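*Asks:* In terms of mature numbering (1 follows the signal peptide of the UniProt record, and there is no 0), the sequence shown is residues -17 to -1, 1 to 356.
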Amino acid sequence: MLLLFFVVATWMPAAHASVFAGFEIGREFSFLGKFCFTWDANYSHVVGEITAHIRTPDDGVKLAIYDDEDAFWAFISTDPSCDCTCKLADEHTKAVFDVPRASDASQTFSLNYTIREHLRPRFWYVALAKCVPGGDSYVPTLQSLTPANFQHYYFTAWYSIHMVQAVTRSEVPVFQEGLTTVYTVSGVLSGLLVLIQLQSKLRLTQESFHPIVQLLTGLVALTFLTNASLGLHFYAFELNGIGAPLPLCLARIFQVINRVGMLLLAMLIAKGWTINAIALHGRTWLTTVMLTYSVLYLSLAVWYLGYVDPASTLYMYDSVPGLAICSLQIIVYAWFVQHLVATRAKEDDIAKRSFFLQVKSHPEGVLSKTFGG
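(1) Determine whether the beta carbon atoms of C65 and D119 lie at a separation below 8 angstroms.
(2) Hey, L306 and Y298 are a contact pair by Cβ (cut 8 angstroms); roughly how many whole angstroms apart?
(3) Considering only DSSP beta bridges, list what S93 is partnered with.
(4) Considering just the uninterrupted stretch of the alpha helix (DSSP H) at Q180, what are its terminal residues?
(5) Rounded to whole angstroms, what's the CA-CA distance from N132 to Q126? Just pull it up for me.
(6) Under the three-state reduction of DSSP, which class applies to Q159: helix, strand or coil?
(7) Between which two residues does the alpha helix (DSSP H) carrying F222 extend?
(8) Assuming A149 and G31 are in contact, meaning their beta carbons sit under 8 angstroms apart, how far apart are those beta carbons, in whole angstroms?
(9) Between the beta-carbon of K70 and the beta-carbon of A112, is there less than 8 angstroms?
(10) Quick one: is R242 buried, meaning 16 or more other Cβ sit within 10 Å of its Cβ, or exposed?
(11) Since W107 and I48 should fall inside the 8 angstroms C-beta cutoff, what is the C-beta to C-beta distance between them, to a whole number of angstroms?
(12) Looking only at its chain, what residues have a beta carbon closer than 8 angstroms to the beta carbon of F207, apart from the 5 residues adjacent to it on each side?
(13) So Y316 is in the alpha helix (DSSP H); what residue range does that whole segment cover?
(14) When you compare each of R10, S282, S212 to Y136 by their alpha carbons, which one comes out closest?
(15) For F12, which residues from the same chain have a beta carbon less than 7 angstroms from its beta carbon, with the 5 sequence-adjacent residues on both sides left out?
(16) Check for me: the alpha helix (DSSP H) holding L281 runs from which residue to which?
(17) Closest to Q90 by CA distance: which of H36, S27, F3 is it?
(18) Hey, out of D81, F158, F92, D87, whose CA is closest to T21's CA?
(19) Looking at G255: is its Cβ nearer than 8 angstroms to the Cβ of T200?
(20) Quick check on A210: buried or exposed, where buried means 16 or more other Cβ atoms within 10 Å of its Cβ?
(21) To which residues of the same chain is A54 closer than 7 angstroms at the C-beta, ignoring the five residues directly before and after it?
(22) Flag this pair as yes or no: are the beta carbons of S1 and E154 separated by less than 8 angstroms?
(23) Whose C-alpha, out of I225, L323, K184, is nearest the C-alpha of A4?
(24) Rounded to whole angstroms, how far is the Cβ of D41 from the Cβ of T139, which I believe are closer than 8 angstroms?
(25) Around the C-beta of L202, are 16 or more other C-beta atoms found within 10 angstroms, so that it is buried, or is it exposed?
(26) With DSSP collapsed to three states, give me the class of G9.
(27) If contacts are defined as beta-carbon pairs under 8 angstroms, then residue 357 and L311 qualify, I think. What distance do you get, rounded to the angstrom?
(28) Give me the Cα-Cα distance between Y218 and A328, rounded to the nearest whole angstrom.
(29) Apart from the five residues on each side of it in sequence, which residues of its chain come closer than 8 angstroms, Cβ to Cβ, to A57?
(30) Taking Cβ to Cβ, would you say L279 is nearer than 8 angstroms to I308?
(31) Over the uninterrupted beta strand (DSSP E) stretch that includes H135, give me the two end residues.
(32) Please say whether W141 and F6 have beta carbons closer to each other than 8 angstroms?
(33) Considering only their Cβ atoms, is the gap separating F237 from L281 smaller than 8 angstroms?
(34) With C-beta atoms as the reference, is E221 less than 8 angstroms away from T163?
(35) Do you know whose CA, among A24, V82, L269, S183, lies nearest R103's CA?
(36) Under three-state DSSP, which class holds L71?
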């Protein structure tokens, strides 16, 4: 099951990029890419640039640009009555450009579009469209999809879209600015924690490394690997506008393992395992929670990869799997506090009672890690 998650975890690189390129086969309207540009309160400077290169063998293809105002992308993407012509209307677009038919491979439509904004950072969207009479009602079948109909109703295009912040020439959208520094600093701090934990283990000559501490050390190491991978990805993102897909994929994998592991750690502490009890009771409950949590994260990745509109800015925890993860977290939190209190009540050792009290007083230090990253 986790192997499948490893495969689908690569959804993130395409979600937030500044470079979009490929070959598009579309009918009527096709979204190409989005980017969050900054703003200038004085409206005196260009805040963003969109550079586009399009080559199509079809007539009637248009390049449309929108922002996230209510009358623009928010309207055309949610109103079912807005057909292709409506999507290209002046009142719903920031700009529309005719893309001429390319007579050979060297003929490419090029555009450099500048953006001004004075209210707030906004998402801007780029799309291709080809509106033909009856296009919205045409239902393709094997019999009707002839070469003539395909050429009439569909369009093909090679495209390259590059969006950058105009002033800083940054490839990073506004909502991801500073993440390179955040993850670099977090990586250094978590790396120091790993070294401290390993040093403590090496200094033990007479006693074994406590199982709870072993698990905690492994989770701290995973946190370090996660932060280091994300720092590398966002550093590459600043350079190429795409990032580093492999480190990002590994970071998402490490994050899920870390969150499941921290949840397990919290439940083991609440049960007092190896602290004031050798036997671990309620293994069925623990196993069920771990499997449920893993399945929900797998569902979250599959949902984001296969069902979310690429143009959507929906936060992943607003989805059904995301809400289920949050609900499970609340249930486990209540269970954690209840069992921790019961476990502490059975303990006579002052040091152990103090430990349980500290964990109970600051449970967010353990449980919040399952939402970390």
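Virtual Cβ for every residue (Gly too), placed ideally from N, Cα, C.
Treat the numbers as computed from the prediction; the structure is a model and nothing was measured.
*Replies:* According to the structure data:
(1) No.
(2) Between L306 and Y298 the beta-carbon gap is near 11 angstroms, outside 8 angstroms, which marks them as no contact.
(3) Answer is H36, bridged to S93.
(4) Run containing Q180: 162 to 186, per the alpha helix (DSSP H) assignment.
(5) Going from the Cα of N132 to the Cα of Q126 covers about 10 angstroms.
(6) Q159 sits in a helix when the DSSP states are folded into three classes.
(7) Strictly speaking, residue 222 in this sequence is Leu, with Phe absent from that position. DSSP places L222 inside the alpha helix (DSSP H), whose first and last residues are 194 to 223.
(8) Right, the Cβ-Cβ distance comes to about 5 angstroms (below 8 angstroms), so this counts as a contact.
(9) Contact flag set, yes.
(10) Buried.
(11) Contact between W107 and I48 holds: their C-beta atoms lie close to 7 angstroms from each other, under 8 angstroms.
(12) Within its own chain, the residues whose Cβ lies closer than 8 angstroms to the Cβ of F207, once the five positions on either side in sequence are excluded, are G170, S173, G174, L176, V177, listed in chain order.
(13) Its alpha helix (DSSP H) spans residues 303 to 328.
(14) Of R10, S282, S212, the residue nearest in Cα terms is R10.
(15) Excluding residues within five positions, the ones whose Cβ falls inside 7 angstroms are C67, K70, A110, A112.
(16) 266 to 289 is the span of the alpha helix (DSSP H), which, as asked, contains L281.
(17) Cα-wise, what sits closest to Q90 is H36.
(18) Considering only alpha carbons, the answer is F158.
(19) Not a contact, by the Cβ cut-off of 8 angstroms.
(20) The sequence given here has Asn at residue 210, not Ala. Buried, by the Cβ-count rule.
(21) Sequence-distant partners of A54 (beyond 5 residues in either direction) whose C-beta falls short of 7 angstroms from its own C-beta, in its chain, are E74, H75.
(22) For S1 and E154, yes; Cβs fall inside 8 angstroms.
(23) Nearest neighbour of A4 by Cα position, chosen from I225, L323, K184, turns out to be I225.
(24) About 6 angstroms separates the Cβ atoms of D41 and T139, confirming a contact at the 8 angstroms cut-off.
(25) Per the 10 Å Cβ criterion, buried.
(26) Assigned with DSSP and collapsed to three states, G9 falls in strand.
(27) Past the edges of the chain, shown from -17 to 356, lies residue 357, and the structure says nothing about it.
(28) Going from the Cα of Y218 to the Cα of A328 covers about 49 angstroms.
(29) Taken in chain order, the residues that qualify are D51.
(30) In this structure, the beta-carbon distance from L279 to I308 falls below 8 angstroms.
(31) Secondary structure note for H135: it is in no beta strand (DSSP E), and the uninterrupted alpha helix (DSSP H) holding it is 130 to 136.
(32) When the beta-carbon positions are compared, F6 and W141 come within less than 8 angstroms of each other.
(33) Not closer than 8 angstroms, so no.
(34) Against a cut-off of 8 angstroms, the Cβ pair of T163 and E221 comes out as a contact.
(35) With respect to the C-alpha of R103, the residue from A24, V82, L269, S183 having the closest C-alpha is A24.
(36) DSSP places L71 in coil when its eight states are reduced to three.
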